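*Asks:* Per our numbering: the sequence shown = residues 1258 to 1528.
Each residue gets a CB set at the ideal place from its N, CA and C atoms; glycine is no exception.
All of these numbers come straight from a predicted model, not from anything done at the bench.
Following this message is one structure expressed as structure tokens.
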Amino acid sequence: MKMKIHRRALAAKAAREGERRARRREKIASSKMPRAAHERVRNPESHTATCRAIINGLTLPRFYPVLDTAALRTCGIAPPDAARAVIEAGARILQLRHKDHYARRAFAEAEDIARLCRDAGVLLVLNDRADIALLLGAALHLGQEDLPPAAARAITGAETCIGFSTHNEDQLRAAAREPVDYIALGPVFGTASKQNPDPVVGLNELRRLRPLTTRPLVAIGGITRNNALQTIDAGADSLAVIGDLLADVGTPQQLRKRTEEWLLLTSRPKP
């Protein structure tokens, strides 16, 4: 009898210790949760309302600035400072394009940018990474070599906005069957933003392919202030701008001014 009582006492003690360890692990995990994840728990609809307001009404902003972190390093501008400049200039959508490994510093900068966008009601789009987009409560943009849109949708959920890049007629037709909210097509012109770009689409092909989808169409690749209005006239709903956004730009103030130039240009009626 004494032996049974002793065993029960040991089992109860072990159970209590197991509960204490579990609570300790939960506390540690909670303390290490990224700031964006905390915010996402408190506000799970962080970007959903903004995204749906933009996409559902086919009002994707004409100017779609893309901040490439490698290009920003060349300019000497920190990504959060660049995002702040673009947002303060009046942009309503912003893509963060980070092709390197998401080390802790890169993720912290992405958190800062997500907070800036959230506070300003600006739609943040993350390039390539469904997991990071989910953590930050952001939209997601995928390329042909990235995770397939259906797989990404399984990670992010039904409410996350997803964009998908295409480069020719076959890819554009295939994209129409994917669970994406907008489609990008390009490069419309020659571009230096990619090391091995796809063949140039051109304005005539953009005009010919536009009727193949009813979803918002974003023109990508080599878009400048000189060809922007022609690209819109060819059927693009929105213009993704990378290189021309940072050309001859070396400070956040200059980036803000460039963004204002783009917003003024794209606010004009179609020619």
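#1: Please report how far the alpha carbon of Lys1514 lies from the alpha carbon of Leu1486, in whole angstroms.
#2: Expressed to the nearest angstrom, what Euclidean distance is found between the alpha-carbon atoms of Ala1387 and Ala1408?
#3: Using the C-alpha atoms, what's the distance from Asp1403 back to Val1506?
#4: When burial is assigned at 16 or more other CB atoms within 10 Å of the CB, is Arg1349 buried or exposed?
#5: Which whole-angstrom value is the C-beta distance of Thr1423 and Ala1396, which I expect to be below 8 Å?
#6: According to DSSP, Pro1322 sits in a beta bridge with which residue or residues?
#7: Quick check on the burial criterion: 16 or more other C-beta atoms within 10 angstroms. Buried or exposed for Gln1510?
#8: Excluding the 5 residues flanking Ala1449 on each side, which residues of the same chain have their C-beta closer than 7 Å to its C-beta?
#9: For Thr1516, which three-state DSSP category applies?
#10: In whole angstroms, what separates the C-alpha of Thr1413 from that of Thr1523?
#11: If you follow the beta strand (DSSP E) that Phe1446 is in, where does it begin and where does it stop?
#12: Classify Leu1521: buried if its beta carbon has 16 or more other beta carbons within 10 angstroms, exposed otherwise.
#13: Would you tell me roughly how many angstroms separate the C-alpha atoms of Ala1342 and Pro1322, rounded to the nearest one?
#14: Use the C-beta contact count for Ala1327: other C-beta atoms within 10 angstroms, 16 or more gives buried, fewer gives exposed.
#15: Closest to Glu1366 by C-alpha separation, out of Leu1442, Ala1476, Leu1353, would be which residue?
#16: Comparing C-alpha positions only, which one of Ile1419, Arg1467, Pro1436 sits nearest to Leu1442?
#17: Please name the residue or residues paired with Gly1420 in a DSSP beta bridge.
*Replies:* On the basis of the coordinates in this document:
#1: One Cα belongs to Lys1514, the other to Leu1486, and the distance between them is close to 19 Å.
#2: 9 Å
#3: Distance between the alpha carbons of Val1506 and Asp1403 is about 30 Å.
#4: The residue in question, Arg1349, is buried, as its Cβ has 16 or more Cβ neighbours within 10 Å.
#5: Actually they do not touch by this definition, with Cβ atoms about 17 Å apart.
#6: Val1498
#7: exposed
#8: Gly1500
#9: helix
#10: 31 Å
#11: Unbroken run through Phe1446: none, as it is neither H nor E.
#12: exposed
#13: 11 Å
#14: exposed
#15: Leu1353
#16: Arg1467
#17: In the DSSP secondary-structure assignment, Gly1420 is bridged to His1398, Tyr1439.
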